[in-house]
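Asks: Pasting in a structure now, in structure tokens, and then I'll have a few things to ask.
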Ligand code: SAM
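Residue numbers (this note's numbering): 1322 to 1659.
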């Protein structure tokens, strides 16, 4: 195994023991140099589990006819977000299956209200939409779009029936960035039929895109999906990929995803914070809907306020008082002035 000229090597991706510890320490140091000991705290609300896509890895795929579908109302979510938001939260993320009705009827009115009543930064993760909906979301007040490319392997993207087509997904990421969104993307590490070379290629693809942040999510086989019988991700490889991504782009915002705790209960999430992550997400989806927002299984591991704050504190970190959207906006202004 050799180190490659772009610095992304199999040696690092597969590192264990002392080499792994040294990789993770370098990544943690790079994060602290850029972001200090502060992590961004975002709240996610999962507003609909209707989905027109059929991704083989996802428990909300349209072919799962047994799943009870829900769509929250903007009033219901407004009550929650305006009156019960934890103090440490600076940003919210509205996430859903690919459901344009939820975008029009829930997300857009809710964003308008939050924009007029709060200072919250607003991210959306609502799938591949048309230009008119992207514009309406932006005009309403959202500024961060999360659109994961899922895998850098185009053949697998098609085989897993990931949203639309691979070239379309990449084109939308580029277009959103060109239209002034801060775009965060990501890939699933550990998908069946993929290996370390694929994950290195996914990192190379991420590097080539106009992103402000990127996630590495461990593949967790979804109970009722065609991939239910496959093995899950190796958490050490996922953490190594996160560390490598941090070293590749010290300026990116990299989330610690809650699935890290599915891979290694109690510790996975904290290890993510030690390997370069600087964004945590609390889940505030109304309890009545949570069980049906199934990426993997109905019995979900929910990262609530208490778990998140404890994890941050245990790692010697603290919640950022500056919100993510504001942080990116000030970076943009600084870039224009220089
Ligand atoms: N529908 C929107 C989209 O396609 O961008 C956003 C929501 S989608 C339900 C959220 C993300 O969950 C996907 O982008 C995918 O990366 C992740 N995901 C779904 N199933 C997964 C699994 N089994 N393991 C890991 N990540 C998964």
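In this text, a Cβ means the ideal position worked out from N, Cα and C, and glycines have one as well.
Report the rounded CA-to-CA distance for residue 1385 versus residue 1620, giving the unit in angstroms.
Replies: Those two C-alpha atoms are separated by around 17 Å.
Asks: Less than 8 Å between the CB atoms is what I'm expecting for residue 1601 and residue 1362, so what's the real figure, rounded?
Replies: Confirmed, about 6 Å.
Asks: Using three-state DSSP, classify residue 1325 as helix, strand or coil.
Replies: Residue 1325: coil per DSSP, three-state reduction.
Asks: Check residue 1416 in the structure and name its three-state DSSP category.
Replies: If DSSP states are grouped into helix, strand and coil, residue 1416 belongs with the strands.
Asks: Is residue 1585 near the ligand SAM, with its Cβ less than 7 Å from a heavy atom?
Replies: No.
Asks: So for residue 1466, helix, strand or coil by DSSP?
Replies: Three-state result, residue 1466: strand.
Asks: Quick check on this structure: which residue in 1616, 1373, 1507 has the alpha carbon closest to the alpha carbon of residue 1541?
Replies: If we check each option's Cα against that of residue 1541, 1616 comes out closest.
Asks: Does the count of Cβ pairs from the region 1468-1478 and the region 1497-1510 closer than 8 Å reach three?
Replies: In short, these stretches touch, since the Cβ pair count reaches three.
Asks: On the criterion of 16 or more Cβ atoms from any shown chain inside 10 Å, does residue 1352 qualify as buried, or is it exposed?
Replies: It is buried - the Cβ of residue 1352 has at least 16 other Cβ atoms within 10 Å.
Asks: By a C-beta neighbour count over all protein chains shown, 10 Å radius and 16 as the cutoff for buried, is residue 1518 buried or exposed?
Replies: It counts as exposed.
Asks: In chain order, what residues of the same chain have a beta carbon less than 6 Å from the beta carbon of residue 1552, not counting five sequence neighbours either side?
Replies: There are no such residues.
Asks: Need the endpoints of the alpha helix (DSSP H) that residue 1367 sits in, please.
Replies: Per DSSP, residue 1367 belongs to no alpha helix (DSSP H); it is in the beta strand (DSSP E), 1359-1369.
Asks: Would you mind working out which of 1520, 1484, 1440 sits nearest residue 1372, comparing C-alpha positions?
Replies: Nearest option by C-alpha distance: 1484.
Asks: Counting pairs of beta carbons, one from the region 1625-1633 and one from the region 1388-1395, are three or more of them closer than 8 Å?
Replies: No contact exists between the region 1625-1633 and the region 1388-1395.
Asks: Considering residue 1432, what are the terminal residues of the alpha helix (DSSP H) in which it resides?
Replies: 1429-1438 is the extent of the alpha helix (DSSP H) around residue 1432.
Asks: Hey, quick one: how far does the alpha helix (DSSP H) through residue 1539 stretch, first residue to last?
Replies: Run containing residue 1539: none in the alpha helix (DSSP H); it sits in the beta strand (DSSP E), 1534-1539.
Asks: Which of helix, strand or coil does DSSP assign to residue 1586?
Replies: Reduced to three states, the DSSP call for residue 1586 is coil.
Asks: Near residue 1475, what residues of its chain come up, given a Cβ to Cβ distance below 7 Å and the 5 sequence neighbours on each side ignored?
Replies: 1487, listed in sequence order.
Asks: Using alpha carbons as the reference points, say which of 1416, 1398, 1441, 1376 lies closest to residue 1408.
Replies: That would be 1441, whose Cα lies nearest to the Cα of residue 1408.
Asks: For a test of the three-state rule: what should DSSP assign to residue 1558, helix, strand or coil?
Replies: Of the three classes helix, strand and coil, the one that applies to residue 1558 here is helix, per DSSP.
Asks: Sort 1565, 1570, 1595, 1523 by Cα distance to residue 1577 and report the nearest one.
Replies: Here the closest residue by C-alpha is 1595.
Asks: Determine the direct distance from the alpha carbon of residue 1589 to that of residue 1582, and round the result to whole angstroms.
Replies: Between residue 1582 and residue 1589, the C-alpha separation is close to 5 Å.
Asks: Got a sec: does the ligand SAM put a non-hydrogen atom nearer than 7 Å to the Cβ of residue 1535?
Replies: The answer is no for residue 1535.
Asks: In angstroms with no decimal places, state the Cα-to-Cα distance between residue 1504 and residue 1388.
Replies: Roughly 30 Å separates the two Cα atoms.
Asks: Taking C-alpha atoms, which residue in 1544, 1569, 1549, 1398 lies nearest to residue 1535?
Replies: The option with the nearest alpha carbon to residue 1535 is 1569.
Asks: For my contact list, residue 1275 and residue 1360 are in at a C-beta cut-off of 8 Å; report their separation, rounded to the angstrom.
Replies: Absent from the model: residue 1275. The displayed extent of the chain is 1322 to 1659, so no value can be given.
Asks: May I ask you to check if the CB of residue 1365 is nearer than 7 Å to at least one heavy atom of the ligand SAM?
Replies: No, the beta carbon of residue 1365 sits no closer than 7 Å to any heavy atom of the ligand SAM.
Asks: Within the same chain, show all residues whose beta-carbon is closer than 6 Å to that of residue 1645, passing over the 5 residues directly before and after it, in chain order.
Replies: Counting only Cβ-Cβ distances below 6 Å, and skipping sequence neighbours, we find 1361, 1412, 1442.
Asks: Alpha carbons only, please: which of 1419, 1333, 1349, 1328 is nearest the one belonging to residue 1614?
Replies: Considering only alpha carbons, the answer is 1419.
Asks: Please report the straight-line C-alpha distance between residue 1623 and residue 1369, rounded to a whole angstrom.
Replies: Spanning the two alpha carbons is a distance of roughly 17 Å.
Asks: Mark residue 1343 as exposed unless 16 or more other C-beta atoms lie within 10 angstroms of its C-beta, in which case mark it buried.
Replies: It counts as exposed.
Asks: Excluding the 5 residues flanking residue 1604 on each side, which residues of the same chain have their C-beta closer than 7 Å to its C-beta?
Replies: Excluding positions up to five away in sequence, the list reads 1365, 1623, 1624, 1625.
Asks: Mind checking whether the beta-carbon of residue 1484 lies closer than 7 Å to any heavy atom of the ligand SAM?
Replies: Residue 1484: yes, Cβ under 7 Å from the ligand SAM.
Asks: Does residue 1416 pass the burial test, meaning 16 or more other C-beta atoms within 10 Å, or should it be called exposed?
Replies: When all chains shown are included, residue 1416 counts as buried.
Asks: When you compare the CB positions of residue 1563 and residue 1575, do they come within less than 8 Å of one another, or not?
Replies: Result yes, Cβ atoms of residue 1563 and residue 1575 sit closer than 8 Å.
Asks: Please report the distance separating the alpha-carbon of residue 1381 from that of residue 1375.
Replies: Their backbone Cα atoms lie some 8 Å apart in a straight line.
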